[in-house]
Structures are given as C-alpha cells and as structure tokens.
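K.L.:
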Amino acid sequence: SQTIHQWPATLVQPVGSPLSLECTVEGTSNPNLYWYRQAAGRGLQLLFYSVGIGQISSEVPQNLSASRPQDRQFILSSKKLLLSDSGFYLCACLLRGRVAEAFFGQGTRLTVV
Amino acid sequence: QQPVQSPQAVILREGEDAVINCSSSKALYSVHWYRQKHGEAPVFLMILLKGGEQKGHDKISASFNEKKQQSSLYLTASQLSYSGTYFCGTEIGTDKLIFGTGTRLQVFP
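Residue numbers (the numbering used here), protein chains in the order written: chain A, 75 to 187; chain B, 9 to 117.
Next comes the structure, spelled out in structure tokens:
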C-alpha cells in the first residue's frame, strides 16, 4: 500500500525567508501528486498538482512554486515567505488512471512570523 | 467548481443521526468522502462512482444521486469518534482533485 512521507511536521519561519517542503511516496509508481493548504478552520485549497516528472499545474497564483524532480518526490517552495503563507500544508497522492482514494501525508504546520 | 457542503457545522449528542450534503452545479465524475481530525491528515471513508449508487460500512453510509450532482453522507447513531471535519472530494477530469467546503461535526456525550 501507499505511504506518503512529508516533513517537517512543524516549521516556524520569519517573513522573507525561503521555504522548502518535501513529500515522498512509497509503494506505487507514476502517481498523481498534490499540494493543498488549509488555513485554520477552513477547507482544503488545491495549490499544485503533478501528473509526472517535471509536470506541474498551478491552481492559485501566489508566492509559492512546486517541482517534481523524481517520480515519487514533490517539493513545495517559496523564495520569500509572507505572513499569509501560514497554514497547514498537505501532500496527497492519487493513483493515476484509477478511481481510487487519495492518501495524505501527515502535514506540515507552517507559521510565518 | 468547488462543491458546496451543507450544513457548515453540526452538533450532536451521542446516538443521534446526521446527514451531510455535497452539491455541485455540474455532474461529478466521482465523489470521495474524508474525515479529518483536528491537526491531522484527512482519512478516506468511501468513494462513489455511479449515479444512484449507495455504499456504506458500519454506521456510515453515502449516496450519489442519479444526476451525479449531489452526494449525501449519513452518520447513524453517532459516536464520539465521529467528531471531526468531513470533506467531499471530486476529480475534475482525470487528474485534478478538489474538495468541498467542509462540514464540522461535533459529538458530545
């Protein structure tokens, strides 16, 4: 079965600092990968998704970017964090070509101060 | 595009029932249901694919209407462990996975 590793679990960063969140998947190949952000008490906002190496679709123009350098690796980055980037970031995996459940990493709680 | 869930919040006593709705202006390819505990990742509950489908396990079940524009999640004889936020999810095309607005459920003794 699929396992998603996401780290770090918690991060406190100053405004203007860079960000790199990493997500790796085990137990499957060629998955669809997703980054979501969740503000406190709010829903899951889709930020980016990827159907393959180097293929990134951006949903919300913002201060963030994503990359997929390997089949099972998905990275969320920022060059300069804003206060509004604070939130709970979740990486998810969906098997491409099949209608199946999405698996989530444990999330990263980012606080920008 | 985002499915709309109703109600936004539900408060129950143990043993009471609840219904959570997920509606879309367009036919949905599929509907996923997830439950998220505070500070944790969402956990998959079930998926429905066909119009008119009903599915369930234990005391949690779901339906997908014939036009595939609405799904409902049924929680019967609720338990304290049912507390959390429930999300419906749907696939746009074959790759984009988006989620509904969420319904916060609180069950009290």
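C-beta: ideal position from N, C-alpha, C; glycine also.
Rounded to whole angstroms, what is the Cα-Cα separation between S152(A) and P88(A)?
P.N.:
The straight-line gap from Cα to Cα measures roughly 12 Å.
K.L.:
Where does S158(A) sit, in a helix, a strand or coil, going by DSSP?
P.N.:
DSSP places S158(A) in helix when its eight states are reduced to three.
K.L.:
Leaving out the 5 sequence neighbours to the left and right, which residues in its chain are closer than 6 Å to Y37(B) when beta-carbon positions are compared?
P.N.:
Same-chain partners within the cutoff: E99.
K.L.:
Assuming H79(A) is part of the beta strand (DSSP E), what are its boundary residues?
P.N.:
From DSSP, the beta strand (DSSP E) with H79(A) extends over 77 to 81.
K.L.:
Any beta-carbon of chain B closer than 9 Å to the one on F191(A)?
P.N.:
Outside the displayed range of chain A (75 to 187) lies residue 191(A), so it cannot be described from this structure.
K.L.:
Can you tell me the Cα-Cα spacing of V187(A) and L156(A), whole angstroms?
P.N.:
So the two alpha carbons sit approximately 9 Å from each other.
K.L.:
Since D25(B) meets chain A, which of its residues come closer than 8 Å, beta carbon to beta carbon?
P.N.:
Per Cβ cutoff of 8 Å: no residues; D25(B) is ~24 Å from chain A at best.
K.L.:
When the distance is taken between beta carbons, is R183(A) closer than 9 Å to T84(A)?
P.N.:
Yes, the pair counts as a contact, with Cβ atoms nearer than the cut-off.
K.L.:
Can you tell me which of A17(B), I28(B), K75(B) puts its alpha carbon nearest to the alpha carbon of K34(B)?
P.N.:
Ranking A17(B), I28(B), K75(B) by Cα distance to K34(B) puts K75(B) first.
K.L.:
Chain A beta carbons: is any one of them nearer than 9 Å to that of G59(B)?
P.N.:
By this cut-off, G59(B) is not an interface position.
K.L.:
Around the Cβ of P50(B), are there at least 16 other Cβ atoms within 10 angstroms (buried) or fewer (exposed)?
P.N.:
Classification for P50(B): buried.
K.L.:
Does the beta-carbon distance from Y110(A) to A174(A) come in below 9 Å?
P.N.:
No. Outside cutoff.
K.L.:
With a threshold of 9 Å between beta-carbons, can L169(A) be considered close to chain B, or not?
P.N.:
Answer no: the Cβ-Cβ gap between L169(A) and chain B never drops below 9 Å.
K.L.:
Which one or two residues does DSSP pair with H40(B) in a beta bridge?
P.N.:
According to DSSP, H40(B) bridges with I55(B), G97(B).
K.L.:
Taking the CB atoms as reference points, tell me whether S124(A) and L107(A) lie closer together than 9 Å.
P.N.:
Yes.
K.L.:
So that I know if they touch, is there some Cβ in chain A lying closer than 9 Å to that of S105(B)?
P.N.:
Contrary to the premise, residue 105(B) reads as Leu rather than Ser in this sequence. Yes, because at least one Cβ of chain A sits closer than 9 Å to the Cβ of L105(B).
K.L.:
Out of curiosity, what's the CA-to-CA distance linking F95(B) and G90(A)?
P.N.:
Those two C-alpha atoms are separated by around 33 Å.
K.L.:
Give a yes or no on whether the minimum CB-CB distance between E96(A) and chain B is below 9 Å.
P.N.:
By this cut-off, E96(A) is not an interface position.
K.L.:
Mind reading off the beta-carbon distance from I55(B) to H40(B)? Whole number of angstroms is fine, and I expect it under 8 Å.
P.N.:
At roughly 5 Å, the Cβ-Cβ gap stays under 8 Å, so I55(B) and H40(B) are in contact.
K.L.:
Rounded to the nearest angstrom, what separates G108(B) and G117(A) at their Cα positions?
P.N.:
Those two C-alpha atoms are separated by around 7 Å.
K.L.:
At a Cβ threshold of 9 Å, is A166(A) touching chain B?
P.N.:
By this cut-off, A166(A) is an interface position.
K.L.:
What residue does the beta strand (DSSP E) around H46(B) start on, and which one ends it?
P.N.:
Per DSSP, H46(B) belongs to no beta strand (DSSP E) and is neither H nor E.
K.L.:
Can you tell me the Cα-Cα spacing of F162(A) and F178(A), whole angstroms?
P.N.:
Spanning the two alpha carbons is a distance of roughly 12 Å.
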